[in-house]
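When we follow this note's numbering, the leftmost residue of the sequence shown carries the number 328, and every step to the right adds one.
Quick reminder that beta carbons are idealized off the backbone N, C-alpha and C, glycines included.
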Amino acid sequence: MSRDDTPQSSFAHPRYWPTWLAIGAMHVVAWLPWRLKLWVGRAIGLAAWRLAGRRRHITETNIGLCFPELDQAQQARLVRETFVANGIGIVETATGWCRDPEHLRHRVTFLGQEHRARLQAEGRGALILGVHFSTLDLGAALHSLYFRADAVQRPHDNPLFDRFMSRARAPYFDAVLDRHDLRGVVRRIKAGHGVWYSPDQDFGRDASVFAPFFGIPAATVKMTSRIARMTGAPVIPLIFHRNPDDRTYTLEYLPPLENFPSGDEVADATRINAVIEAAIRRHPEQYLWLHRRFKTRPKGEPRLYS
């Protein structure tokens, strides 16, 4: 039985009541006025900054490693801004999942559309290179106003929330594929679809090679170059962020990567990480520094998250 086939009645169990409460809260938050929505997001972020000691430690470690040029006070400020941005990201996700994105079209500037439009006109599929920004799901919803795409996702550990998440994403993706479904990804790209894939997380030693990310050896998935090689499709970066006014958003397609893949998995991973790093440096506080990007270490190196 797949997760989506799980009987609805099983979700009446008390262990799912907090999840139902969270889902209900997301529906309420999605309809709040914009200023109130931002206030709620900031409050969530600041509460997590104060109370989520483990996540704050991870974020402090990541920022200390990736921004050694900042002094201690600047690093501490970036940690706090990261929690605030990710708190706002929660209400942005609620908005993307629970409302029609059409009501936000006037808030979007979309640059580089010609790169994707040209591929579509040629009938070519593409691997869309995404990044885990706090604006990820709202960005995907806004992207659907201009282009259709498929997505690759990791199932959520909570089956009720996984069902909610998958169904919420369904309106703005043509298909949602499991991250282990390589055949499905290849098939969809060869059929002319764009598949949104974000490779900037640590999936372990077996799936990865080590490549620099902000100057730190990071376990980087080999799948990006492997999919490009199997499909012959271009890899086209898509970046998106909340603008400094906290009211508008910018999405941008960059030109497809040239001479990719190269046949050297480490060189390809290094290039992908460089593209992602450049995107993060535009608005570093909006990146998901709360996850253990450097969890897997080269043999002989100590763990970074004690």
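Going by the beta-carbon positions, is the gap between Val553 and Gln613 smaller than 9 Å? Residue identity check: residue 553 is Arg in the sequence provided, not Val. Not a contact, by the Cβ cut-off of 9 Å.
Let me know if Asn600 comes out buried or exposed under the rule of 16 or more other beta-carbons within 10 Å of its beta-carbon. buried
Whose CA, out of Val356, Ile385, Ile390 and Gly372, lies closest to the CA of Ser633? Nearest of Val356, Ile385, Ile390 and Gly372 to Ser633, Cα basis: Ile385.
Please name the residue in Ala448, Met557, Tyr499 and Asn413 whose C-alpha comes closest to that of Ser471. Tyr499
Kindly confirm or deny that the stretch 513-527 and the stretch 442-455 touch, where touching means at least three C-beta pairs closer than 8 Å. yes
If we require 3 or more residues per run, which beta strand (DSSP E) segments fall completely within the stretch 576-617? 576-580
Which residue spans inside the stretch 459-500 form an unbroken beta strand (DSSP E) run of at least 3? 477-480
For Phe437, which residues does DSSP report across the bridge? Residue pairing from DSSP places Phe437 in a beta bridge opposite Leu578.
With DSSP run on the structure shown, which of helix, strand or coil describes Gly452? coil
Beta-ladder partner(s) of His568, from DSSP: Thr577
Identify which residue in Phe537, Ile543 and Val356 has its Cα closest to the Cα of Val593. Phe537
If you run the structure through DSSP and keep just helix, strand and coil, what is Thr561? The sequence given here places Pro at residue 561; Thr does not occur at that position. It is coil, neither helix nor strand.
How far does the alpha helix (DSSP H) with Trp424 in it extend, from its first residue to its last? Per DSSP, Trp424 belongs to the alpha helix (DSSP H) from Gln399 to Cys425.
Classify Ser337 as buried or exposed, calling it buried when 16 or more other Cβ atoms lie within 10 Å of its own Cβ. exposed
Meets three-Cβ-pair contact criterion under 8 Å: the stretch 345-355 and the stretch 391-404: no
Thinking C-alpha only, which one of Ile566, Asp591 and Arg382 is nearest Arg556? Asp591
Opening and closing residue of the beta strand (DSSP E) in which Gly521 lies: Note, Gly521: beta strand (DSSP E), Gly521 to Tyr524.
Determine the closest residue to Cys393 out of Val435, Ala421 and Leu615, with distance taken between C-alpha atoms. Leu615
Here's the rule I'm using: 16 or more other beta-carbon atoms within 10 Å means buried, otherwise exposed. How should Met328 be labelled? Annotation note: pLDDT 36 at Met328 (below 50); position unreliable, coordinate value reported separately. Met328 is classed as exposed because its beta carbon has fewer than 16 other beta carbons within 10 Å across all chains shown.
Per DSSP, Ala538 is paired with what? Ala545
Please name the residue in Leu617, Pro582 and Pro334 whose C-alpha comes closest to that of Val406. Leu617
Extent of the continuous beta strand (DSSP E) to which Leu504 belongs: Per DSSP, Leu504 belongs to the beta strand (DSSP E) from Val503 to Asp505.
Measure the C-alpha to C-alpha separation of Arg496 and Arg624 and round it to an integer number of angstroms. 33 Å
Contact belief for Arg515 with Ala502 at Cβ below 8 Å, rounded distance in angstroms: Correct: roughly 6 Å between the Cβ atoms.
Inspect the CB distances between the stretch 479-494 and the stretch 572-589 and report whether three or more fall short of 8 Å. no
If Val458 and Ala606 are in contact, beta carbons under 8 Å, what's the gap, nearest whole angstrom? 5 Å
For His340, the three-state DSSP class (helix, strand or coil): coil
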